[in-house]
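Structure, as structure tokens:
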Amino acid sequence: MKKKKIGIPYALYFYEYFPLWKEFLTRLGAEIIISKPTNKEILDLGIRSSLSEVCLPVKVFYGHVISLVNQVDYILIPRMVCVEKGTFFCPKIIGLPDMVKTSLGSLCPILNPLVDIRKSYGNWKNSLFQVGQILTENSLAISRAFSASWEKFQRNYVAHLLDPQTLRPGLLNCNNRAKEQLAEALINIAVVGHKYLINDSYINLNLIEKLKNMKVNVLTPEMVHPNIIRKQLKRLFKPIFWSLSQQVVGAAYYYFENRVEGIIHLTSFECGEDSMVGELIHHQSYQYPEVAYTEFVFDEHTGEAGLNTRIEAFLDMIRRKRRNEISFAPSW
Amino acid sequence: MKLALPRLGNIEVINETIITDMGHELIEVPPNTKKTLDLGVRYAPEYCCLPLKIVLGNFIEALELGAEGLIMAGGWGPCRFGYYAQVQRDILLDLGYNFKMIIMEIPRGNWKTLWDNINILRNGRSWSYMINQYRFAWQKILLMEKLENKVLQVRPREKKRGASSLVIKESVIKIKKAKDLETLKRIEEDTLNRFKEITNFHKKNIIRIALVGEFYVSLEPFSNHYLEEKLGYLGVEVVRKNSIEAWIGPIMRLKIFKDSFKEEKEIEQAAYNYLAHSVGGEGQTTVGNVVLSHREGLDGAIQVIPFTCMPEIVAETILKKVSEDLDFPTLTLTYDEQTGEEGLNTRIEAFIDLLKKRKKKEVMVL
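The following block contains the structure:
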């Protein structure tokens with residue numbers, strides 16, 4: 001029998017759940033086709049086919065879906081509602097399958113398993129089971145594929161975490177030699193924001209690469225252990241009820257507390273969660289004046305010069321501050 | 001304690017029942033004006049939706065007048081509304097105000113906060129007194145909404161332009177002062193009679209439009225640039241699909257607010273083919289209501305949304321398809337802090353002209 005081709009758009013929650021889907025689907029003998037990394041063509045397709053008011057990541061998602069349409073038998077767009085008690089995904093993600101369906105018509109069948117653990121605890125399994133039934137009739141095989149891929153997914157999740165010791169080099173009690181080294185050392189900058197912004201180098205205009213070329217040690221929310229994030233979130237007056245934003249806020253609070261030298265908050269134009277969450281992070285930054293904080297908003301315009309100027313200014317400010325700190329630090 | 005309640009349409013009618021009569025001092029929040037909006041816009045995050053900004057403006061004005069406690073509703077997502085109170089509290093604390101935010105919401109785990117909040121509102125009065133007061137406030141809201149819905153029917157048919165608005169204004173003041181159910185009944189009868197007097201029953205073929213969309217923007221006339229009045233004066237009967245009744249009822253799920261969520265299921269069913277899952281806010285309700293309006297034989301629907309509203313953008317995307325499938329005209333109006341009205345007027349007029357032409361055609365065919 002011919003292998004069924006399942007398309008997975010390389011956008012939005014792809015960055016979170018792709019390992020799980022891939023493992024599960026390949027175990028059941030499906031062929032997975034991932035759309036290409038975002039490029040001009042994909043972005044244009046997305047912008048053309050969606051409403052102008054939709055936020056940028058969703059527009060990009062549209063583009064990825066359209067670019068897949070002719071190559072695959074099915075497109076996987078799960079309806080992610082709730083994966084942790086008391087939290088939700090953003091309304092646009094919950095409505096995503098319907099939005100894509102209505103906007104793109106019946107171009108290609110969409111697989112939209114519902115993931116909502118409020119209904120039953122094993123909802124992850126049930127929803128992937130539905131997808132599995134399209135591929136094979138052997139329910140035992142589906143169950144087995146699920147448990148194997150779920151285990152692997154959980155293990156992968158805590159893969160490369162950060163050593164908190166490296167966050168801020170000590171300034172006091174250092175001799176001249178150490179000072180010189182310090183002046184040369186990489187700047188620790190935390191880039192916080194949704195994974196689909198940080199990891200998509202086309203949307204964020206290659207920000208991470210640029211920072212690295214400017215001698216910056218880039219820290220991201222993924223490097224913070226989930227337990228630390230949970231602990232940080234306890235400091236909030238009211239818990240955040242968006243799964244994806246929890247990590248952003250928790251990580252930002254953590255980096256503030258550990259006094260990294262700068263924090264950049266990435267948001268996309270029209271992002272509803274970020275308008276609230278950004279405010280929380282912004283308010284937190286008042287309490288840590290020694291941490292430089294800035295916010296970059298991305299939209300479908302691709303002028304890079306403005307971004308470059310802002311990055312350079314931000315880094316210059318941090319470098320100057322560091323030089324001052326070094327020259328005024330006591331030495332013996 | 002000096003308490004203030006943000007504005008939402010005519011919700012001020014319950015102020016005296018739940019604040020003054022409970023022994024608190026009432027800080028009357030000034031009506032929404034450009035100043036309110038400017039204050040809100042200045043301090044609120046840029047991409048927040050309009051309701052947050054206006055309510056923040058309300059709060060600042062109330063605090064300037066000496067309010068010590070601000071009453072606000074909360075929620076648990078996925079709509080941003082659930083986080084309003086938290087963000088507003090942060091902003092106001094930053095501005096240096098000293099106050100207590102009384103957030104009424106079903107708590108997650110932390111029942112003590114709710115208990116404390118209720119006790120602040122109770123102010124040492126007996127429980128039965130408090131429950132009675134709140135029940136009475138609920139009756140006031142029901143009556144107010146009933147009359148407001150009636151105005152929407154009367155306005156396109158009134159003999160003298162603006163008469164119905166005057167009547168409702170007077171009635172709202174009377175409801176505000178009312179102390180018992182009998183007075184409410186009298187006000188209701190009285191107002192309905194006055195409506196009859198000013199109505200011209202000979203007008204036929206009036207266009208009926210459903211007003212759907214985001215809750216706050218559709219109910220607060222200031223935020224939607226007095227859309228209902230504008231439509232009424234253009235000779236259109238507006239059928240309001242959102243109401244405080246339908247909003248609070250399902251949230252509370254309490255016996256005292258009985259029979260307020262009977263239509264919820266129906267709306268969900270109607271939306272199911274287009275939007276199979278609730279997306280928070282009024283997203284699914286909007287889609288469902290448009291389908292239902294088509295079934296009820298209305299002529300069109302206007303969706304009002306604040307700029308960047310998450311659930312309504314989902315609904316807007318889907319409405320395009322619904323409108324196409326059902327051959328049912330819909331218009332989406334997006335509101336933000338811009339106050340230019342001419343563009344809005346032109347769009348409404350064009351839409352109404354279109355509906356009138358359609359209706360004429362239908363009548364001729366029949």
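These protein sequence lines are chains B and V, in that order.
So the first sequence is residues 1 to 332, counted in my numbering.
So the second sequence is residues 1 to 366, counted in my numbering.
By construction, the Cβ of each residue, glycine as well, lies at the ideal position given by its N, Cα and C atoms.
Annotation for Val-279 (chain V): no alpha helix (DSSP H) segment contains it, and DSSP assigns it neither H nor E.
Setting aside the 5 residues that flank it on each side, Leu-68 (chain B) is surrounded in the same chain by Gly-7, Pro-9, Ile-33, Ser-35, Ile-75, each with a C-beta closer than 7 Å to its C-beta; the list follows chain order. By the Cβ test, the stretch 239-251 of chain B is in contact with the stretch 87-94 of chain B, since at least three Cβ pairs between them sit closer than 8 Å. Close to chain B, meaning a Cβ-Cβ distance shorter than 9 Å, are the following residues of the stretch 265-285 of chain V: Tyr-274, Leu-275, Ala-276, His-277, Ser-278, Val-279, Gly-280, Gly-281, Gly-283, Gln-284.
When DSSP assignments are scanned along the stretch 45-98 of chain B, the uninterrupted stretches of alpha helix (DSSP H) that are 4 or more residues long and fall wholly within it turn out to be 56-68, 91-94. Each of V:Lys-2, V:Ala-4, V:Leu-8 was checked against the Cα of Phe-222 (chain V), and the nearest Cα belongs to V:Leu-8. Taking 8 Å as the cut-off, the Cβ atoms of Glu-148 (chain V) and Asn-10 (chain V) count as close. Contact between Leu-354 (chain V) and Pro-329 (chain V) holds: CB atoms are separated by about 6 Å, below the 8 Å threshold. The continuous beta strand (DSSP E) containing Arg-208 (chain V) extends over residues 207-213. In chain order, Thr-267 place their CB closer than 6 Å to the CB of Asp-274 (chain B), counting only its own chain and leaving out the 5 sequence neighbours on each side.
Under a criterion of Cβ atoms nearer than 7 Å, the residues of chain B adjacent to Pro-311 (chain V) are, in order, Pro-91. In the three-state reduction of the DSSP assignment, Tyr-10 (chain B) falls in the coil class, being assigned neither a helical nor a strand state. With its beta carbon at least 8 Å from every one in chain B, Lys-100 (chain V) lies outside the interface. If you look at Val-29 (chain V), you'll find it isn't in any beta strand (DSSP E); DSSP assigns it neither H nor E. From the beta-carbon of Ile-318 (chain V), the residues of chain B found nearer than 7 Å are Asp-98, Met-99, Thr-102. Annotated as distal: Thr-334 (chain V) and Thr-102 (chain B), with beta-carbon spacing of 8 Å or more. For Val-239 (chain V), the beta-bridge partners assigned by DSSP are V:Ala-210. Chain B places a beta carbon closer than 8 Å to that of Arg-108 (chain V), counting this residue as a contact. Scanning chain B for C-beta atoms nearer than 8 Å to the C-beta of Arg-347 (chain V) yields nothing, as the closest lies near 16 Å away. Taking C-beta atoms as the reference points, Ala-44 (chain V) and Leu-52 (chain V) count as a pair closer than 8 Å.
In the structure shown, the three-state DSSP call for Thr-113 (chain V) is helix. Taking the beta carbon of Arg-80 (chain V) as reference, the chain B residues within 7 Å of it are Gly-272, Met-276, listed in sequence order. Listed along the chain, the chain V residues whose CB falls inside 9 Å of the CB of Arg-79 (chain B) are Ala-276, His-277.
Beta-bridge partners of Asn-217 (chain B) (DSSP): B:Asn-188. Annotated three-state conformation of Met-1 (chain V) is coil, per DSSP.
Taken atom to atom, the span from the alpha-carbon of Ile-206 (chain V) to that of Glu-263 (chain V) is near 26 Å. For Trp-242 (chain B), the C-beta contacts it makes with chain V under 8 Å involve Gly-77, Pro-78, in order along the chain.
Here Val-72 (chain B) has Lys-5, Ile-6, Gly-7, Ile-33, Cys-108 as same chain residues with Cβ atoms under 8 Å from its own Cβ, once five neighbours each way along the sequence are excluded. Pairing Val-260 (chain B) with Ile-198 (chain B), the inter-Cα distance amounts to about 18 Å.
The Cβ of Leu-51 (chain B) sits closer than 8 Å to at least one Cβ of chain V. Out of V:Glu-64, V:Leu-331, V:Ala-85, the CA that lies nearest to the CA of Gly-96 (chain V) is found in V:Glu-64. Taking 8 Å as the threshold, the shortest C-beta distance from Phe-146 (chain B) to chain V does not fall below it.
Within the same chain, Val-217, Ser-218, Val-304, Leu-333, Tyr-335 come within 8 Å of Asn-224 (chain V) by CB-CB distance, once the 5 residues on both sides are set aside. In this structure, the straight-line span from the alpha carbon of Gly-162 (chain V) to that of Val-151 (chain V) is close to 11 Å. The C-beta of Val-54 (chain B) comes closer than 8 Å to at least one C-beta of chain V.
C-alpha of Lys-360 (chain V) to C-alpha of Gln-133 (chain V): approximately 50 Å in a straight line.
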